[in-house]
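Numbering (the numbering used here), first residue to last: 39 to 325.
Everything on this sheet refers to the single structure shown next.
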Amino acid sequence: MSDRLKSTNNVSNEEVIDDLTKDLEQSLKTEEPAPEYVINPGSSLEDYVPSSDDTQKKADIPFPEEDFDKEDKTDYESDKAESDKDESDTDTIDENSLKDAEMDLTDDQKAERRLIAEELKTAGNEAFKVGEYERSIEKYTEGLRICPLQFTQQRSILYCNRSAAKMKLEKYKRAIKDCSKAIELDDKYLKAYYRRAQSYEATDKLDECLADYKKILELDPTHKEAQAAVVRLPPLIEEKNEKLKKEMLGKLKDLGNMILKPFGLSTDNFQLEQDPETKGYKINFKQ
Numbered sequence: 039m040s041d042r043l044k045s046t047n048n049v050s051n052e053e054v055i056d057d058l059t060k061d062l063e064q065s066l067k068t069e070e071p072a073p074e075y076v077i078n079p080g081s082s083l084e085d086y087v088p089s090s091d092d093t094q095k096k097a098d099i100p101f102p103e104e105d106f107d108k109e110d111k112t113d114y115e116s117d118k119a120e121s122d123k124d125e126s127d128t129d130t131i132d133e134n135s136l137k138d139a140e141m142d143l144t145d146d147q148k149a150e151r152r153l154i155a156e157e158l159k160t161a162g163n164e165a166f167k168v169g170e171y172e173r174s175i176e177k178y179t180e181g182l183r184i185c186p187l188q189f190t191q192q193r194s195i196l197y198c199n200r201s202a203a204k205m206k207l208e209k210y211k212r213a214i215k216d217c218s219k220a221i222e223l224d225d226k227y228l229k230a231y232y233r234r235a236q237s238y239e240a241t242d243k244l245d246e247c248l249a250d251y252k253k254i255l256e257l258d259p260t261h262k263e264a265q266a267a268v269v270r271l272p273p274l275i276e277e278k279n280e281k282l283k284k285e286m287l288g289k290l291k292d293l294g295n296m297i298l299k300p301f302g303l304s305t306d307n308f309q310l311e312q313d314p315e316t317k318g319y320k321i322n323f324k325q
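Quick look at the structure:
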């Protein structure tokens, strides 16, 4: 298996199949030609809500969240194609540098930075409302780079608001990252799950999308969009998996034909037959 698959668990089924078949095809091209064998007819082959008490102790200044959902009605259903225009992520937050920079700050200085982050969030919200999504991302990013790490709720809101702007720009992969970070900081943040679910669906990651909608219903059983999604998505997932299975079998058949070609054979010379009693399978050879 390639190093890429060994190094990550977050790959899709399609990527797994492409990687496996690519490796097999490569090995067939590089191996020495097999000697000629005689295959006898008739032979058979036998052999997948943070604690609010802690947050309130850390900060007593309100940090209101901007609700974009009422006006943020992008048609994610019709935007299935992955259109991320962001090859590089230029708004990464270096939390290690932030941690080092905060070591010598007094509590008053941290509180002051928090207020500045609040102002930057407000500026980002205003830019979002008038459609200046790139500018709103810049402001939320500035807020994240100055807001002390101890104010987790405020940072979670900044990440979630930034994800909304990225979704407007169809930068769904980066929106997913921001939503995931918001959830990491506040695992009861329903709006972050909702935006991530929308972004997953826009990138055709339907299993992940369904999982987020189910989580939303755990947090709010009356959430109408989630209620509809858990009914709508399973058939789509089943259809996608069937399509994927056919695609996989097609690729495996092509590889089988590559292996059998030197012997003057193809996969059509072999018939898969199920034993009605044992429910097992056997492969019969036919001329």
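Just so you know, even glycine gets a beta-carbon here, dropped at the ideal spot from N, CA and C.
Just so it is clear, the structure is predicted and the values come from calculations on it, not from any experiment.
Subject >> Own chain, CB closer than 7 Å to I131, minus 5 neighbours either side, in chain order >> reply: L182 and R183
**OP:** Pick out whichever of A220, D224 and Q236 has its Cα sitting closest to the Cα of E208.
**Re:** Q236
Original post:
Considering only the beta carbon of each residue, do A6 and A220 sit closer than 8 Å?
Top reply: Outside the shown range of the chain, which is 39 to 325, sits residue 6, and nothing can be said about it.
**OP:** Put K204 into one of helix, strand or coil per three-state DSSP.
**Re:** helix
**OP:** For K262, count neighbouring Cβ atoms within 10 angstroms of its own Cβ and tell me buried if that reaches 16, exposed if not.
**Re:** exposed
**OP:** Buried or exposed for K95, please, with buried defined as at least 16 other CB atoms from any protein chain shown within 10 angstroms of its CB.
**Re:** Annotation note: pLDDT 42 at K95 (below 50); position unreliable, coordinate value reported separately. Exposed.
Original post:
Between the stretch 143-162 and the stretch 187-203, are three or more C-beta pairs nearer than 8 Å?
Top reply: yes
**OP:** Please name the residue in K226, L196, S174 and K148 whose C-alpha comes closest to that of K206.
**Re:** S174
Original post:
Just checking my contact of P186 with R151 at CB under 8 Å: how many whole Å lie between their CB atoms?
Top reply: 6 Å
Subject >> Burial state of G288 (16 or more Cβ within 10 Å) >> reply: exposed
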